[in-house]
Amino acid sequence: MPGGAETPRPQETPAPAEAEVLLLRRWSEMPRHLQFNPHILTGYRPLMTIRQCLGSLFYIHNETVNILTHGFAILYMLVTVPHLLPWNTKGTLVGILSWCHLIGAVSPWVGSFLYHLFMNVNYDEVLYRTLLKVDMIGIWLCQSFGAIPMMAAAVHCLADNVWYCCIFIYCSLSMWGLLKAMTARSPWERRLCFAPPFLMRMLVMTLRCFGIGGGSPEALIHIILQELFPGSHSCDRCNHWRSSHSREVDPRQVGSSAEFP
């Protein structure tokens with residue numbers, strides 16, 4: 000070059016931010032509220048926008064199994080469960096109970112799906128706590144609405160005033176549990192919030208064992224199995240490789256009565 004000037008070298012184009020986001024992070028690089036499981040050292044999604052969280056559906060990370068299994072469960076139940084319910088074929092009450100059953104069956108999966116998918120949104124810990132509450136509300140709907148068909152069947156043969164009284168008490172206990180769960184400070188406190196409605200379900204189930212109240216005796220075995228062996232117990236062994244479940248609030252372990260007797 001004239002004057003001995005050196006030819007400027009072209010500057011390297013920095014990698015786009017989108018590409019950097021796709022790089023998975025280590026446990027130590029995550030914000031404190033997203034450090035769920037110290038046994039999982041890598042595979043964490045970084046903080047992302049909502050659009051990037053949706054994009055994480057299409058690559059593998061340590062929440063992929065949680066997101067996909069919950070999503071497939073939602074689709075399967077929405078396709079199959081409505082065809083199994085009587086709806087309005089036997090009166091308005093049966094239609095209402097059918098809706099309760101469907102809402103109770105789907106809601107915990109929807110809440111947990113939203114929690115796992117958007118837990119890395121790049122706002123702050125307040126939004127993360129809100130997602131935890133959404134997950135909790137889904138579980139509460141399962142524990143409250145989902146169990147109303149079983150409660151209604153269990154006291155069906157009692158006097159009308161006793162029937163309404165039992166349903167009112169159960170709904171009141173469920174509302175109390177929701178209010179306590181929204182203000183609880185630890186997973187065990189949240190689990191214990193569901194103890195009163197659970198104990199009432201155990202009470203009416205005991206009455207059914209002695210032929211008091213109503214409900215098909217053949218349905219008792221299914222109620223006992225779902226109360227004593229909820230599905231979340233089988234997932235506990237996976238906590239070491241499904242990161243967020245080690246900290247995720249899961250009162251479903253207390254028992255979920257969403258069966259339509």
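Mapping the sequence shown onto numbering that gives the first Met the number 0, position 92 (from 1) lands on 91, and the numbers just tick up by one.
Ideal Cβ placement from N, Cα and C applies to all residues, glycine included.
CA-CA distance, T63 and L56? Straight-line Cα distance between these residues: approximately 7 Å.
Reduced DSSP category for T63 - H, G, I as helix; E, B as strand; rest coil: Helix.
With distance defined between alpha-carbon atoms, name the residue in I138, L206, F209, I211 nearest to G176. Checking every option, the nearest Cα to that of G176 belongs to I138.
Please look up how many angstroms separate the CB atoms of I281 and F35, rounded, as I've assumed it's under 8 Å. Outside the shown range of the chain (0 to 260) lies residue 281, about which nothing can therefore be said.
Look up V120 in the DSSP assignment and give the residues it is bridged to. M47.
Taking Cβ to Cβ, would you say R200 is nearer than 7 Å to A151? Cβ atoms of R200 and A151: not closer than 7 Å.
Does C141 pass the burial test, meaning 16 or more other C-beta atoms within 10 Å, or should it be called exposed? That one is buried.
Quick one: grab the DSSP three-state call for G42. Residue state, collapsed to three classes: strand.
With A146 as the anchor, note down where its alpha helix (DSSP H) starts and where it stops. Premise fails: A146 is in no alpha helix (DSSP H) and is neither H nor E.
Going by alpha carbons, who is nearest to P263 out of S106, M204, G213, S173? No answer is possible for residue 263: it lies beyond the span of the chain, which begins at 0 and ends at 260.
Which residues in the same chain have their Cβ closer than 7 Å to the Cβ of V154, if we skip the five residues on either side of it in sequence? Result list for V154: V161, W162, C165, V203, G212, G213, in chain order.
Across which residues does DSSP place R25 in a beta bridge pair? BP columns for R25 point to T41.
Taking all protein chains shown into account, do 16 or more other C-beta atoms lie within 10 angstroms of the C-beta of H82, making it buried, or fewer, making it exposed? Exposed, by the Cβ-count rule.
C-beta contact flag for I66 and H115 at 7 Å: Inclusion of I66 and H115 in the CB contact set at 7 Å is warranted, their separation being smaller than that value.
If you count every other CB in all the chains shown that lies within 10 Å of the CB of R31, and 16 or more means buried, which is it? Per the 10 Å Cβ criterion, exposed.
Can you tell me whether P107 is buried or exposed? The criterion is at least 16 other CB atoms within 10 Å of its CB, across all chains shown. Counting other Cβ atoms within 10 Å of its Cβ, P107 reaches 16 or more and is therefore classed as buried.
Could you pull out every residue in the same chain whose Cβ sits closer than 6 Å to the Cβ of H239, ignoring the five residues on either side in sequence? Since pLDDT at H239 reaches only 41, below the 50 mark, its modelled position is unreliable, and the value read off the structure follows with that caveat. Within the same chain, H239 has close Cβ partners H38.
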